[in-house]
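Please read the structure below before turning to the comments.
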Amino acid sequence: MRNGFVFPCVLSGSVSAGWKLTVPPGVRVSRGEDAVLGCFFTPTRDYSGMIKVTWKFIASNTPPFLDCPVKNDSMHGANPCAFSDLKHSLKGDPRWGDGSLLIRDVQLTDNGMYFCRVELDGWKNFKEAKTELYVGAEPHILNLSVVEMPCGSDSAPRRLQCQAEGNPPPKIMWLLASRRMLENKGESSQSSPYHVTSCVPYLEEEELTCRAESALNHTERTYPTREPQDQSEESEESEESEESEESDSLKISLIVRGVITLLILIAGIVFYCLSELLFLLSAARFS
Numbered sequence: 558m559r560n561g562f563v564f565p566c567v568l569s570g571s572v573s574a575g576w577k578l579t580v581p582p583g584v585r586v587s588r589g590e591d592a593v594l595g596c597f598f599t600p601t602r603d604y605s606g607m608i609k610v611t612w613k614f615i616a617s618n619t620p621p622f623l624d625c626p627v628k629n630d631s632m633h634g635a636n637p638c639a640f641s642d643l644k645h646s647l648k649g650d651p652r653w654g655d656g657s658l659l660i661r662d663v664q665l666t667d668n669g670m671y672f673c674r675v676e677l678d679g680w681k682n683f684k685e686a687k688t689e690l691y692v693g694a695e696p697h698i699l700n701l702s703v704v705e706m707p708c709g710s711d712s713a714p715r716r717l718q719c720q721a722e723g724n725p726p727p728k729i730m731w732l733l734a735s736r737r738m739l740e741n742k743g744e745s746s747q748s749s750p751y752h753v754t755s756c757v758p759y760l761e762e763e764e765l766t767c768r769a770e771s772a773l774n775h776t777e778r779t780y781p782t783r784e785p786q787d788q789s790e791e792s793e794e795s796e797e798s799e800e801s802e803e804s805d806s807l808k809i810s811l812i813v814r815g816v817i818t819l820l821i822l823i824a825g826i827v828f829y830c831l832s833e834l835l836f837l838l839s840a841a842r843f844s
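Numbering (our numbering), first residue to last: 558 to 844.
Next comes the structure, spelled out in structure tokens:
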């Protein structure tokens, strides 16, 4: 979890001189991380009544997604609103003046404004503050495929469409097989704050790469993609390779044997010729 810039805090409710509610700076996290949104309050000393902490999302008038009532008559025992198996849970213990919210595995849908409300002895004595959660997400290509439907003002019969998401929303560029940028930058549209779609005219068997980039990172995907081979095909190729290796080994063995046999034959012929020559020389000397 990383803390970022400070967002304005709005307080409302009845004025009570004995306690206050504070919210720390807004929080920045990356998608998939856990986020903690702080909410701290200081009730009057020796307060032993009910404390109710609620959290709301987007607007203060929306129904709460987390509601935690607890009686402040004992500081012992487990936190009654700390749920280990739920997405939303209280990180802090209201009995200690801590109503901080824990959000597990944050996603882009968790991005936005959150409202912490604390009530002491009923709804007439409450305070409320807001803070913002910013979820950053590196570019991710959701889909890259050929479509037959129209794309913007382009009238080409077939188009290659690339859908990507991220926060901040990524910019899509198209690259040729040579890695040069495509002159036709295509038509782009944004269907949500985090989703971007771009499409370009596509010719049969043409290789194009969709590149989605933002300040956080970049990613690419190329069309057409090479289909992975089946295990049966890989097995057949492996068997063919083994048979080829065995055949090559047999050929080499036969060639070596042939060469050895030929050398022995040549040596025998040379020995025979030398023997005959020596015999003739000896006969000529005695005659």
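Cβ coordinates follow ideal geometry from the N, Cα and C atoms, glycine included. On a predicted model such as this, the values are computed, not experimentally measured, just so you know.
Backbone CA spacing between residue i and residue j [nearest angstrom]
i    : j    : result
L665 : R585 : 12 angstroms
Y671 : D624 : 14 angstroms
I809 : L838 : 44 angstroms
G693 : S587 : 5 angstroms
A841 : L822 : 29 angstroms
Y780 : K684 : 55 angstroms
R715 : L643 : 46 angstroms
H633 : W680 : 25 angstroms
P582 : C596 : 10 angstroms
S804 : G815 : 17 angstroms
P758 : V704 : 10 angstroms
V663 : S806 : 60 angstroms
V753 : D603 : 55 angstroms
I605 : S631 : It should be pointed out that residue 605 corresponds to Ser in this sequence rather than to Ile. Approximately 8 angstroms between the Cα atoms of the pair.
C756 : S748 : 14 angstroms
F828 : L835 : 11 angstroms
Y751 : E590 : 18 angstroms
S789 : A824 : In this predicted model, S789 has a pLDDT of only 47, less than 50, meaning its place in the structure is not dependable enough to derive any value.
V580 : E764 : 52 angstroms
I826 : F843 : 26 angstroms
C845 : P725 : Outside the displayed range of the chain (558 to 844) lies residue 845, so it cannot be described from this structure.
L733 : L578 : 57 angstroms
S746 : G649 : 42 angstroms
I817 : L811 : 10 angstroms
E791 : L820 : In this prediction, E791 has a pLDDT of 49, which is less than 50 and means its spatial position is unreliable; what the coordinates show is noted afterwards. One C-alpha to the other measures close to 43 angstroms.
L699 : T782 : 15 angstroms
N741 : N618 : 47 angstroms
V813 : E833 : 31 angstroms
Beta-carbon gap between residue i and residue j smaller than 8 angstroms
i    : j    : result
I729 : C767 : yes
L701 : R778 : yes
G743 : W731 : yes
R652 : V675 : no
F598 : G654 : yes
I608 : N636 : no
P600 : L677 : yes
I660 : A616 : no
For residue i: DSSP bridge partner residues
i    : result
H775 : E770
P758 : R716
D655 : F597
Q747 : V753
M670 : E689
Y604 : Bridge partners of Y604: none, in fact.
M738 : L732
R814 : BP columns for R814 are empty, so no partner.
N629 : Looking at the DSSP assignment, N629 forms no beta bridge with any residue, so it has no partner.
8 angstroms CB neighbourhood of residue i in its chain, flanking five on each side removed
i    : result
L831 : none
P696 : A721, E722, G723, P727, A769, E770, S771, L773, N774, H775, T776
D667 : A592, I660, L690, V692
Close beta carbons around residue i, own chain, < 6 angstroms, minus the five adjacent residues each side
i    : result
V610 : C625, P651, G656, V675
L658 : L594, W612
F640 : S646
C638 : C625, L647
E761 : none
G669 : I615
Test: residue i CB closer than 8 angstroms to a CB of chain C
i    : result
G575 : Reference to chain C is not applicable here, since this structure consists of a single protein chain.
Same chain, Cβ closer than 7 angstroms to residue i, five either side skipped, listed in chain order
i    : result
F562 : Legend: pLDDT at F562 = 38, less than 50; position of this residue unreliable, no value from coordinates given.
M706 : none
If we count Cβ pairs, one from each stretch, closer than 8 angstroms, do we get three or more for the region 732–739 versus the region 681–689? no
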